[in-house]
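J.:
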Amino acid sequence: MEANVEKVQESTKIPDSEDPDEEDINYMQEGETVPTEEEEQSTKKQDKNAPEERILLDDFFYDHEEICSKPFISPEALIPKNLLTFVHSFGYDSTRRVNLQLIGGGTIIFVAGNLVIFMDIKTKEQKYIRSSSNGGIGIVMVHPGGNYFALGEKGIKPNIIIYEYPSLKPYRILQGGTERGYSFVDFNLSGNLLVSVGENPDYMATIWNWKQEKIVLRSKAFSQDVYRITFSPENEEQLTSSGTGHIKFWKMVETFTGLKLKGELGRFGKTALTDIVGYVELPDGKVISGSEWGNMLLWDSGLIKVELCRKNGKPCHQGSINQFVLDEGELITIGSDGCVRVWDFETIDTAESYDEDSVLEMEPMNELIVGRNVNLQSMVKFKDSNFIWCAQDANGGIWKLDLSFSNITQDPERLFSFHAGVIQAMDLSPLTYLMATTALDCTVRIYDFVRNEELVTVKYRQGGTALTWAPLVSYPKGNIIAVGFHDGVIRILEIYDPQGLAHVAGRTQVGEAELRLKQALKPHTADVTAIAYGLNGEMLATGSKDSTVFFFQLGNPYVPVGFIRVPGPVVSLEWSPPFYDKSTLLIFCENGYVVQAACPESEELDTTLTFEIPLQKKYFRFKSIRSSIERNNEINRRKQVKEQKEKEKQERVKQKKEMEGENPELAIKEEEEGEELEEELPIIYIPPQPSPILCGFYSKPDTFWLSLGDYDCGYLYHCKFTNDQRISEDISKNEEEPFAFIAIEDASETPIRKMKFNSEKDLLFCGMEDGAVRVYPLKSNDYKLRSMQKFWSLSVHDNDYGHINQICISHDEQFLLTCGADSNIFAFGILPQEELGELLSEKQAAVPIPSISFAHDKIADDIDDPNAYSLENAKQKAEMDLILKMAEEKKAKKRMELNKLQEEFKQLQIKNAELPEHVQLNKKDFEIDKRIQDQINRQITDRIEMVYKEMAWEQEKYRIGLQKLKARFRNAIEYDTVIGHCFESDHKISTYRVTSFSEKFYQMKADVLQRSQMRVEQKSKENLCVDKTSEQDMEVDLLGGSQKPQAKVNVGLRHAERLQKMINKTDKAKTRIEQRKKEWAELYSSHPDDNYEDPNDVAAIKDAQEHMGDFKLKTAPDYTVPEHLRINAETKRNQLIRLEELIHELKSEMSKKVMDLRNTKLDIIEQITILRKELILIQTKLDPSQHLPIPEIPSMQPDEMPEKKFQYDPKKLLEFRDENLRSKNTKRTSEVNKIEKTAGTADSTPDSLDHQLERNTVKSLLYEMAPLSKLEEEIKIIEEKTNVNMQSEILRKISELMKNFDAELRVLCHQKYKLDIALKMADLRHVTLFQEVLLLKDFEKSEDILQDRVNQRMNEQMETQMKSEESFQQLEAKKRDIVKLQEKEKALYAAFQMSLGENNKHTDFLTKVFKKKIRRRRKSEAKISAGSEEESEEESDEEFGYSDAEDESDSDDGGVDDSACPETCDPVLFDNTLQLRERRLDIEDVLAEEKKTLELIRKEYDMIAKKVKVIDGAVKSAKHDLEVLQREKQQKLNELYVVVPLKLHQIEYIVNGDLPNDLVSGLVFTNMALTSLQRRIKELNVERTEQRELYKQAQQKHVQLLQDKAEMTAEIAELEEKCHQEMVRKFGRVVDLEALQTLSINMTLEELKEKIKINNTNFHRRTRQREDKIAELEAELIHYTRQYTCRLDQLNMLMMEKEKIETHLNSQQKKMRTELQKQRVKLSEKKELIQLVEKQAHEINDLKGEISLLMRKGGHILPPAQPSAPS
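According to my numbering, the sequence shown is numbered sequentially starting from 50.
1) Of all the options Leu542, His573, Gly583, Asp576, which has the alpha carbon lying nearest to the alpha carbon of glutamate 563?
2) Among the residues of its own chain, which have a CB less than 6 Å from the CB of glutamine 426, if the five just before and after it don't count?
3) Applying the criterion that 16 or more other CB atoms from any shown protein chain within 10 Å of the CB defines a buried residue, is tyrosine 1133 buried or exposed?
4) Between which two residues does the beta strand (DSSP E) containing threonine 1522 stretch?
5) What's the gap between the Cα of leucine 970 and the Cα of arginine 987?
6) In its own chain, which residues sit with a C-beta less than 7 Å from the C-beta of glutamate 401, not counting the 5 before and 5 after it?
7) Between which two residues does the alpha helix (DSSP H) holding phenylalanine 671 run?
8) Tell me whether arginine 1711 sits in a helix, a strand or coil according to DSSP, three-state version.
9) Given a cut-off of 7 Å on the beta-carbon distance, is the pair isoleucine 1343 and isoleucine 1217 in contact?
10) Which residue wins for smallest C-alpha separation from arginine 145, given the options Phe864, His573, Arg835, Ser872?
11) Please list the terminal residues of the continuous beta strand (DSSP E) segment that includes arginine 835.
12) Between the alpha carbons of serine 291 and aspartate 324, how many angstroms are there, rounded?
13) Just list the beta strand (DSSP E) runs in the segment 317 to 349, keeping only unbroken ones of 3 residues or longer that don't cross its boundaries, in chain order.
14) Can you tell me which of the three DSSP states arginine 463 falls into?
15) The beta strand (DSSP E) that contains histidine 767, what's its start and end?
16) Using the Cβ count rule (16 or more neighbours within 10 Å means buried), how would you classify glycine 611?
17) If you measure between the beta carbons of valine 391 and glutamate 379, is that distance less than 7 Å?
18) Mind listing, in chain order, the continuous alpha helix (DSSP H) runs of no fewer than 4 residues lying wholly within the segment 637 to 710?
19) Give the range of the beta strand (DSSP E) segment to which lysine 269 is assigned.
20) Tell me, please, which residues DSSP counts as bridged to aspartate 393.
21) Shorter than 6 Å, the distance from the beta carbon of asparagine 848 to the closest heavy atom of the ligand GTP, or not?
22) Return yes when the Cβ of glycine 513 is within less than 7 Å of the Cβ of valine 538, no when it is not.
23) Which whole-angstrom value is the C-beta distance of phenylalanine 135 and phenylalanine 877, which I expect to be below 8 Å?
24) Would you kindly report the start and end of the unbroken alpha helix (DSSP H) that includes tyrosine 15?
25) From valine 845 to glycine 162, what does the alpha carbon distance come to, in whole angstroms?
26) Should the segment 1175 to 1183 be called in touch with the segment 1019 to 1029, which here means at least 3 C-beta pairs below 8 Å?
27) Which same chain residues, not among the five before or five after proline 1094, have their C-beta less than 6 Å away from its C-beta?
28) Apart from the five residues just before and just after alanine 575, which ones in its own chain have a Cβ nearer than 7 Å to its Cβ?
29) Starting from cysteine 451, trace the beta strand (DSSP E) in both directions and tell me its first and last residue.
30) Taking Cβ positions only, does isoleucine 1719 come closer than 7 Å to chain D?
31) Cα separation between glutamate 720 and asparagine 681?
32) In angstroms, rounded to a whole number, what distance separates the CA positions of alanine 554 and alanine 321?
33) In the structure shown, what three-state DSSP assignment does cysteine 1668 receive?
34) Compute the beta-carbon to beta-carbon distance between phenylalanine 788 and lysine 769, rounded to the nearest angstrom, for a pair I have assumed lies under 8 Å.
35) Which whole-angstrom value describes the C-beta separation of serine 245 and tryptophan 257, a residue pair presumed to lie in contact below a C-beta threshold of 8 Å?
36) Could you tell me which of Thr156, Ala515, Gln1670 sits nearest to aspartate 433, measuring between CA atoms?
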């Protein structure tokens, strides 16, 4: 590490010999702009003129007074420099990132605007350092050693200043690091380097050798905001930066051009893009960072390795993680949720993720919740403790945290409390040194700004937005404060000293001051933005964003007077001074309006209905004049320039006249000078949106000054109300321009936000937009502000976001206080520093003493509800409630009168009904007028229609609600719970409550079917591929077998008959030999290897292993799951689906049977009803003594018809309505019940009438009875017996129907009991399957990955095996080709020997000629045309080559001359030898090429074989991994509990004759499995006996085969010896019989002879063709010669014409414009003719070539005489 640092330091030294340009290039990084040539030249000049590089000594310091920024004072202004002296800072910019540092023993450092505050934790004393740039401070960072700290400033070309502590002397100044400001700086661990990063626009990251003030490296960090950049604590050559939507990893890299700083941007991948605030570098180079959603991201090599969260997907922090700390092997995180959590570093460092979308879950080791409303931003450790930290709270606090996490751990302690966020309002006590402030953090705070202490803090529900201290005119004690809040509430607070009061029980500590609520009012519905007390002490005015101003009459309590509406949101309010004639209120609106309202007189106003009051108002709408001002300024400037030029011109003319004409040319030139063109004047621009009004004040009655923002800033505008601007409907069109203005120096972009005069009106204090304080000295009574020219200015608050919201002067005008949007409050002394110190030591704020009746005063009620009614809304609501109440009372009176009239009318109807019928009045008689009744009916109809319309929405709502309920609870039910009861017993049966399958189930089923179909298709494709490969192999074999070389015998027709027999004979011999060789080859190839295993035996062994019949326990440690028994989540899902379908089907079938049984019962009840009627009719004909009891009609119980619960009719609806309205209208319900009863009797009349008719008929029969005859008596007896029998039969039928039904129900009950058992087992199976699915789902992803890997490896294995097989086949084919070539070569040698014959004296010579190696021509691949013999003679020597052995010496042939045949040798034999030699050389060439090809194929085959072995290993490894996973999965499945119900007789696990209590060691076997095991034992015994017998037979057979082999070997040896003897006896030596058989005829010689004849015939034919062609070419040559002659004549003529035309052109050169086009045409024709001539010349040359060629072939044609070439 030290070596690297030395390397970095050495790189900063520039040797004298090096070129400065090269050094600049070394430091230039990606993203940095390249300097131009001019800049390079200027830098070169500066380098040449610059002195030698200085080396700063360790004891060198800068002068603080020289670099510290000072107030700006206008030139020639008599303003003292120490006009304002900084006293104290009461605020803390808690929202600024990393704004808390610790230095020394117990001093905290933080940035406050343009200051750096040093505050002692114990004494709370403050020291400060001002910025040197007046542009603000960006960051402060403490050196690791604690004796230095760095200040990164803001502004134009800001610096980084290193101060020494505790002397606070400036030690080093680093310049040129950025353009506008530094956002972060950091030291490395050793402290010798510093890194900084800039803000917008350059975002430049720079590494400094800060002790020598040199830039080491620099590069652009990013294109957006960068929050942090730090060195790695383990490797100082690595850095990390983060910010808006990025994180970047940097390295210092040594390149050939020097040291470079290279950055790698972190890639988020599938993780959402996030702003990264906090991160930390880990020792191994990884980086862990936070995210906006609170999870941690572990980065490795620029990628997210894993995302970490808490259990159940909870984030690590609720909100962003703002800082990471790696402390003593623990990772500490702090977040915006106010929590500090400690994590296990090793778990995070070794975290792995196998899936990009997965998130690693872990829990923190320790946790500290600081508080509820706490937002931790940063944290630093106290040096004197290992566990005590100081933390920055973005909600306005600084905490002391104990992170020891032990039994004695201290609770979090808030060291300091401040306002959080923008301070909205501030005011000072008019009597003492008290200050009140409020902000959106919902607090109101009281400070003693002399003692620099906070006295009291009160917190409310809503944030404060406005605050004013009541004047002494109204409250002489100065103890009342009015505070406005975000929800529109005004709270009147009283400050008092509680120490003089009796202590409340339980209160041990009492502060110096407390606040009490005196009154709470809500006059507005939006933010209260302004509060103003009238200067006469009688009226309070409040303004709000709701565009209203409310007035209150002061008193105890405050009395609302009323409010007025204004055109826009109120910005500020100002009452007119007391010396004005009228008391008016000046209202400044944000949208450019100014309203003046008169003070309301409460006696003249009526606020009974509303608080809105009519007041006399004047309006002023500001019209922008800035563009006009700038235009006029430009006109004046140009006018002055023009006048200046005119004066200069006149002076020059005067000087020229005085020069006495010595140079007259000057006068001429001066006269020729023209007027310069003026640029266009700026256009008049008025912004579309009016500029916002920031502040203003009265100058005199109806006249006021305004300060505006946005476009119109930079000026103060003097405006005036006109008398005609009263209240009008359209005030938006009335725009007025200011009648005067004042330009604010150096404030064109920074407007004045607040203005405050001192009591003498000779000083104007201004708070600026950029956080500066300006002081303008004024003359007395200068309401036009003409003396507002020179000023004193000091930057105080932050220049970017610290605009001043309020500026106040103390009651004695000795202090000035400012508050800004940067959460800072600064106190300044207006006196000199010496007098100020005496004042601070002598005085302190006096808290008002409470009144005597304070303890007895009632505590005011507060308004806590933000949605509470405002005063106006409450009044409107009360008025509306009163109107509604009066209306309801009136309605009640009318209803009572109507009820009385209705009672009287009913009494009259009753009396009328009691009268006789002839006296009674009809209903029509009560009608006074029919039209009235018609009108009433129409009204009723209209009302009914109206009710229908009014209730349409409700009706539709309830209808849709009913549909939703049905869809949710009823539509999915296929069978509801229906209970069927027996007629005569208590037996009953119920249906299953069966619900239909959901869409999710069908979708799952479809997915399963689709995946299974895809698997089937994939398997079919694989099988198809295998079939195709086998077919291809078969085709290859067939083609290989069919492509046998066939000898083509080219013989003449004359010798065909003679040679055909000989050829057939040799072919048959060859065929027999080939067949015999093939049989031997097949026999030898069938010989098995020593390690050969029969595939049938292998398959049988595998089958035996798989179907051995033993029972393999799945719990065994070496259990391997067979492939056909392997299961996965998809298989289990399929089983689960099938089980659910089966359960659904069984339940549906049983429910259907029960429903059919219920329908049968309904039919039986109907039949019984009919039979009962018949029985009653029969009994009417019988004597009562013969009557049998009539059975009651059975009824359906409610649980048998559950669907009736959902069936309703108007009767049920009326009953339901009556139940709801019973308590309200008892009379109406009684009438409805009467109507229902009458309706019920009306409905029941038909049955009663039937019974009455039957009774009447019986009575009539009884009355008409008379004495009967004997025949009639017999008939009566017969009928009586018949009726009795029928009565008995009907009763029997009824009883039989009921008994049969009961029997069917009991049978079905029995079936259902069995089905219940099966379904319960299915439910248990369902639970087991579901657990297995959940378990297998965890393995599914890894199993799919491994299975894909296995499939991939197997596919590779199949492909390589196919390639290996193809290569092997090619190898075998080449071997066969080589063997055939070798056989041809042997046959050729045998043919040569046969051609020599016996005892040939030239054998040696011819043998040498035959074996001689000669130079041979290579066979050209290109096709040579038949007529290109001349071209063939010009072929290069590259087409000739030598054989592979041409480099060998010719010693073997002994210098044999084969060019001529010896005289004694047979020429035919010699020629035959030469031909055989050519064939031998051809065979050798082909054999060499085939051997090369064979070697290449063998190498390829070996390579593929190696690859096959590698892939086989990969396949085995993948299968092994899959088997391990399957075993692990099986072990997990074994851990699941499976319910198996057993009966006692099924348990055979008995210990000592008893059933053990614990059955864990037992196994659950099915009877079938147990039976199969027992049967398999017997089968194995039989198989063992059979195998032993087979083994004995095989041994005997093996011995017999060995004996046969020995006998056959001896016999073969005898036959070979006999064959050799016969060959010696017949041929004299051992010969090759095969060659002898194939060489029965010298085919070569015959072929050569026949070929010679054919060649002679072809030669004569070609000679004739050539002669004919020569004649044709001669004729063509003559023809072309004539054409050429004609064209030469034409050329001569054209040349003559050309000379004439050129002569004519030379004479007519000036007159050729009109004839230019014609000449161009002629020139083009000329060019065409020239081209034609050139083409003809080329043709002539071609003809000459052909003629010369023909002459070489023997022609005698001389070329014609060539004419002279044209010049």
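Glycine residues also receive a C-beta, built at the ideal position from the N, C-alpha and C atoms.
T.: Answer, in terms of the structure:
1) Locating residue 563 in the sequence shown gives position 514, counting from the first residue. The residue with the shortest Cα to Cα distance from glutamate 563 is Leu542.
2) By 1-based counting over the sequence shown, the position of residue 426 is 377. Excluding sequence neighbours, glutamine 426 sits near Asn371, Gln441, Ala443.
3) To locate residue 1133, count along the sequence shown from 1; it is residue 1084. Exposed, by the Cβ-count rule.
4) For the purposes of this step, residue 1522 is taken as the residue at position 1473 of the sequence shown. First-last for threonine 1522: 1516 to 1583, but that is the alpha helix (DSSP H), not the beta strand (DSSP E).
5) Within the sequence shown, the letter at position 921 stands for residue 970. Within the sequence shown, the letter at position 938 stands for residue 987. Taking the straight line from one Cα to the other gives about 25 Å.
6) The residue given as residue 401 occupies position 352 in the sequence shown. Cβ neighbours of glutamate 401 beyond the five flanking positions: Val355.
7) Translated into the one-based positions of the sequence shown, residue 671 becomes position 622. Looking at the DSSP string, phenylalanine 671 is not in any alpha helix (DSSP H), and its letter there is neither H nor E.
8) Reading the sequence shown from its first residue, position 1662 is the one you call residue 1711. Correct three-state label for arginine 1711: helix.
9) Your numbering for residue 1343 matches position 1294 in the sequence shown. Your numbering for residue 1217 matches position 1168 in the sequence shown. Yes, they are a contact pair.
10) For the purposes of this step, residue 145 is identified with residue 96 of the sequence shown, where counting begins at 1. Among Phe864, His573, Arg835, Ser872, the Cα nearest to that of arginine 145 is on Ser872.
11) Here residue 835 corresponds to residue number 786 of the sequence shown, with the count starting at 1. Segment: none, arginine 835 is in no beta strand (DSSP E) and carries neither H nor E.
12) Start at 1 with the first residue of the sequence shown, and residue 291 comes out as number 242. Start at 1 with the first residue of the sequence shown, and residue 324 comes out as number 275. Using only the alpha carbons, I get a separation of about 8 Å.
13) 328 to 330, 336 to 338, 345 to 349
14) Translated into the one-based positions of the sequence shown, residue 463 becomes position 414. Of the three classes helix, strand and coil, the one that applies to arginine 463 here is strand, per DSSP.
15) What you label residue 767 is simply residue 718 of the sequence shown in a count that begins at 1. Run containing histidine 767: 764 to 769, per the beta strand (DSSP E) assignment.
16) To locate residue 611, count along the sequence shown from 1; it is residue 562. Per the 10 Å Cβ criterion, buried.
17) Taking the first residue of the sequence shown as 1, we reach residue 391 at position 342. Taking the first residue of the sequence shown as 1, we reach residue 379 at position 330. It is a contact, given that the beta carbons lie within the stated cut-off.
18) 675 to 707
19) To locate residue 269, count along the sequence shown from 1; it is residue 220. Residues 263 to 269.
20) On the sequence shown, residue 393 is found 344 positions in, with the first residue counted as 1. DSSP lists Glu379 as partners of aspartate 393.
21) This structure simply doesn't include the ligand GTP, nor any ligand for that matter.
22) Within the sequence shown, numbered from 1, the residue matching residue 538 stands at position 489. Within the sequence shown, numbered from 1, the residue matching residue 513 stands at position 464. No.
23) Along the sequence shown, read from residue 1 onward, the residue named residue 135 stands at position 86. Along the sequence shown, read from residue 1 onward, the residue named residue 877 stands at position 828. Contact holds; Cβ gap of about 6 Å.
24) Within the shown structure, residues of the chain are numbered from 50 to 1816, placing residue 15 beyond reach of any answer.
25) As a first step, residue 845 is located in the sequence shown; it is residue number 796 there, counting from the start. As a first step, residue 162 is located in the sequence shown; it is residue number 113 there, counting from the start. Their Cα atoms are separated by approximately 6 Å.
26) no
27) Here the question's residue 1094 lines up with position 1045 in the sequence shown. Its pLDDT being 37, under 50, proline 1094 is placed unreliably in this model, and the value from its coordinates should be taken loosely. There are no such residues.
28) Taking the first residue of the sequence shown as position 1, residue 575 is located at position 526. Cβ neighbours of alanine 575 beyond the five flanking positions: Gly537, Ser593, Lys594, Asp595.
29) Here residue 451 is taken as the residue at index 402 of the sequence shown, counted from 1. The amino acid at residue 451 is misidentified as cysteine; the sequence shows aspartate. Its beta strand (DSSP E) spans residues 446 to 451.
30) You won't find chain D in this structure, because it holds only one protein chain.
31) What you label residue 720 is simply residue 671 of the sequence shown in a count that begins at 1. What you label residue 681 is simply residue 632 of the sequence shown in a count that begins at 1. With a pLDDT of only 44 at glutamate 720, under the threshold of 50, the placement of this residue in the model should not be trusted; the figure read from the coordinates follows. Approximately 32 Å between the Cα atoms of the pair.
32) Numbered from 1 along the sequence shown, position 505 holds the residue referred to as residue 554. Numbered from 1 along the sequence shown, position 272 holds the residue referred to as residue 321. Its pLDDT being 45, under 50, alanine 554 is placed unreliably by the model, and the measurement read from it follows with that caveat. Cα to Cα, the separation comes out at about 57 Å.
33) Here the question's residue 1668 lines up with position 1619 in the sequence shown. Correct three-state label for cysteine 1668: helix.
34) If you number the sequence shown from 1, residue 788 lands on position 739. If you number the sequence shown from 1, residue 769 lands on position 720. Rounded, the Cβ-Cβ distance is 6 Å, consistent with contact.
35) Along the sequence shown, read from residue 1 onward, the residue named residue 245 stands at position 196. Along the sequence shown, read from residue 1 onward, the residue named residue 257 stands at position 208. Contact flag correct, Cβ pair sits at about 7 Å.
36) Locating residue 433 in the sequence shown gives position 384, counting from the first residue. Closest by alpha carbon: Thr156.
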